[in-house]
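Please read the structure below before turning to the comments.
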Amino acid sequence: MESIKEIFRIGNGPSSSHTMGPKKAAEIFKSKHPTASTFKVTLFGSLASTGKGHLTDVALTQALHPQELTIEWLPGTFLTKHPNALKIEAFDVDKKLLDEWTVYSVGGGKITDFENDENENKVYDLTTMKDLISWSKKSGRSFWEYVELTEGKEIYDHLREAWSIMQDSIKRGIDSEGILPGGLGLARKASSYFVRAKNFSGSLKEKTLIFSYALAVTEENASGGKIVTAPTCGSSGVVPAVLKYLQDSFTFSDDKILRALATAGLVGNIVKENA
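Residue numbering for the sequence shown follows my numbering, beginning at 2 and increasing consecutively.
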């Protein structure tokens, strides 16, 4: 299995496959061609069909700025390897083609050109829950300790950053009001649910508070805000909401929260590996 960093990716919403993936691809390609004068991106299949609604063009423009960018939309053309495909081309000042790269956004913010060995990124030997539970019983260690032993304590640097961004996205979502982008005229509701929760008591207060946290992140994601996939943009509000509520209710330390994230990432990784 890959690093749990692949589960908790940091980036901008609203879609891990249609926004984060293409943006990452554009950033990588641009870094390889710093002298390029202009770029062209051709979006195929699903990326082209729903790219406008997912702000794919906005993400690409941000990634390739300040160079001029032309985007071609081909919703009816599907490449054979994956429905989410894009081709990026770099040109010099004379409009001469410097290089091109066809890459695929396969979900969760991951991109691949299917040319490199996917096994190069494997870091975990245990890939089933049965094996993980067996290891835990024999060693007397917790799941988060397996993450630490496998990836080193450096993994907490990434998880700490992820947790910070999760908290920020909750705060921004709670503080924000108005209409969400997308043309449907949907109003933000996280702020109002948060206020309602303060007037409730018991389990109703708990449920409404957690819901307001999750909705806050979801609305930030829908607005193209900075969030953490868990494991996708669409589900990015659940883990932050639960952990925020638990930390506030039981005064858990950040270290405990990071261990919880490590555990969640490992379980998510196993599900992903065996899906």
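Cβ atoms here follow ideal geometry from the backbone N, Cα and C, with glycine treated the same way.
1) Under 6 angstroms Cβ to Cβ from methionine 130, same chain only, skipping five residues before and after it: list those, please.
2) Could you give the C-beta distance for leucine 56 and glycine 225, rounded to a whole number, given that I count them as a contact under 8 angstroms?
3) Tell me the DSSP bridge mates of glutamate 73?
4) Quick test of the definition: if touching needs 3 or more C-beta pairs under 8 angstroms, does the region 242–254 touch the region 78–97?
5) With three or more beta-carbon pairs closer than 8 angstroms as the criterion, would you say the region 67–75 touches the region 37–54?
6) What residue ranges within the region 75–158 form continuous alpha helix (DSSP H) runs of no fewer than 4 residues, ordered along the chain?
7) In whole angstroms, what is the alpha-carbon distance linking lysine 199 and glutamate 162?
8) State buried or exposed for arginine 260, treating a residue as buried only when at least 16 other CB atoms are found within 10 Å of its CB.
9) Cα separation between alanine 223 and lysine 123?
10) With C-beta atoms as the reference, is arginine 197 less than 8 angstroms away from glutamate 220?
11) Who are the Cβ neighbours of glutamine 168 in its own chain at under 8 angstroms, not counting the five residues just before and after it?
12) Between aspartate 114 and alanine 26, what straight-line distance do the alpha-carbon atoms span, to the nearest angstrom?
13) Leaving out five residues on either side along the sequence, give the residues of the same chain with a beta carbon under 7 angstroms from the beta carbon of glycine 54.
14) Closest by CA to histidine 34, which one among Gly269, Asp158, His66?
15) Taking the CB atoms as reference points, tell me whether lysine 24 and glutamine 63 lie closer together than 8 angstroms.
16) If we ignore side chains and look at the alpha-carbon of each, how far apart do phenylalanine 30 and alanine 60 end up?
17) Would you give the residue range spanned by the beta strand (DSSP E) that glycine 54 belongs to?
18) Could you check whether methionine 2 and threonine 209 sit closer than 8 angstroms to each other, using their CB atoms as the reference points?
19) Enumerate in chain order the residues of its own chain whose CB-to-CB distance from glycine 269 is below 7 angstroms, with the five nearest sequence positions on each side excluded.
20) Using the beta-carbon count (16 or more within 10 Å), is isoleucine 180 buried or exposed?
21) Would you mind working out which of Gly109, Arg142, Tyr194 sits nearest glutamate 274, comparing C-alpha positions?
22) Measure the Cβ-Cβ separation of glycine 22 and isoleucine 112 and say whether it is below 8 angstroms.
23) Quick one: grab the DSSP three-state call for alanine 231.
24) In whole angstroms, what is the alpha-carbon distance linking serine 192 and glycine 174?
Result, derived from the coordinates:
1) For the purposes of this step, residue 130 is taken as the residue at position 129 of the sequence shown. Cβ within range, chain order: Ile271.
2) Within the sequence shown, numbered from 1, the residue matching residue 56 stands at position 55. Within the sequence shown, numbered from 1, the residue matching residue 225 stands at position 224. 5 angstroms between Cβ atoms; contact.
3) As a position in the sequence shown, residue 73 is number 72, starting the count at 1. According to DSSP, glutamate 73 bridges with Thr43.
4) no
5) yes
6) 130–140, 144–152
7) Counted from its first residue, the sequence shown places residue 199 at position 198. Counted from its first residue, the sequence shown places residue 162 at position 161. Spanning the two alpha carbons is a distance of roughly 29 angstroms.
8) Reading the sequence shown from its first residue, position 259 is the one you call residue 260. Buried is the call here.
9) Position 222 of the sequence shown, counting from 1, holds the residue named residue 223. Position 122 of the sequence shown, counting from 1, holds the residue named residue 123. If you take the alpha carbons of alanine 223 and lysine 123, they lie about 32 angstroms apart.
10) Within the sequence shown, the letter at position 196 stands for residue 197. Within the sequence shown, the letter at position 219 stands for residue 220. Contact: no.
11) For the purposes of this step, residue 168 is identified with residue 167 of the sequence shown, where counting begins at 1. The answer, listed in chain order, is Pro241, Lys245.
12) The residue labelled residue 114 in the question sits at position 113 within the sequence shown. The residue labelled residue 26 in the question sits at position 25 within the sequence shown. Using only the alpha carbons, I get a separation of about 10 angstroms.
13) Residue 54 sits at position 53 when you count from the first residue of the sequence shown. These residues qualify, in order along the chain: Gly183.
14) Numbered from its first residue, the sequence shown carries residue 34 at position 33. Of Gly269, Asp158, His66, the residue nearest in Cα terms is His66.
15) Translated into the one-based positions of the sequence shown, residue 24 becomes position 23. Translated into the one-based positions of the sequence shown, residue 63 becomes position 62. Contact flag set, yes.
16) Here the question's residue 30 lines up with position 29 in the sequence shown. Here the question's residue 60 lines up with position 59 in the sequence shown. Phenylalanine 30 and alanine 60: Cα-Cα distance of roughly 14 angstroms.
17) Position 53 of the sequence shown, counted from the first residue, corresponds to residue 54. Element bounds for glycine 54: n/a, residue is neither H nor E.
18) Counting from one through the sequence shown, the residue named residue 209 turns up at place 208. Counting from one through the sequence shown, the residue named residue 2 turns up at place 1. Going by C-beta atoms, threonine 209 is not nearer than 8 angstroms to methionine 2.
19) Looking up residue 269 in the sequence shown gives position 268. These residues qualify, in order along the chain: Ile8, Pro232.
20) On the sequence shown, position 179 is the one that residue 180 refers to. By the 10 Å Cβ count, isoleucine 180 comes out exposed.
21) By 1-based counting over the sequence shown, the position of residue 274 is 273. Closest option to glutamate 274, Cα to Cα, is Gly109.
22) To locate residue 22, count along the sequence shown from 1; it is residue 21. To locate residue 112, count along the sequence shown from 1; it is residue 111. Yes, they are a contact pair.
23) As a first step, residue 231 is located in the sequence shown; it is residue number 230 there, counting from the start. Note: alanine 231 maps to coil in three-state DSSP.
24) Within the sequence shown, residue 192 is the residue found at index 191, counting from 1. Within the sequence shown, residue 174 is the residue found at index 173, counting from 1. Roughly 7 angstroms separates the two Cα atoms.
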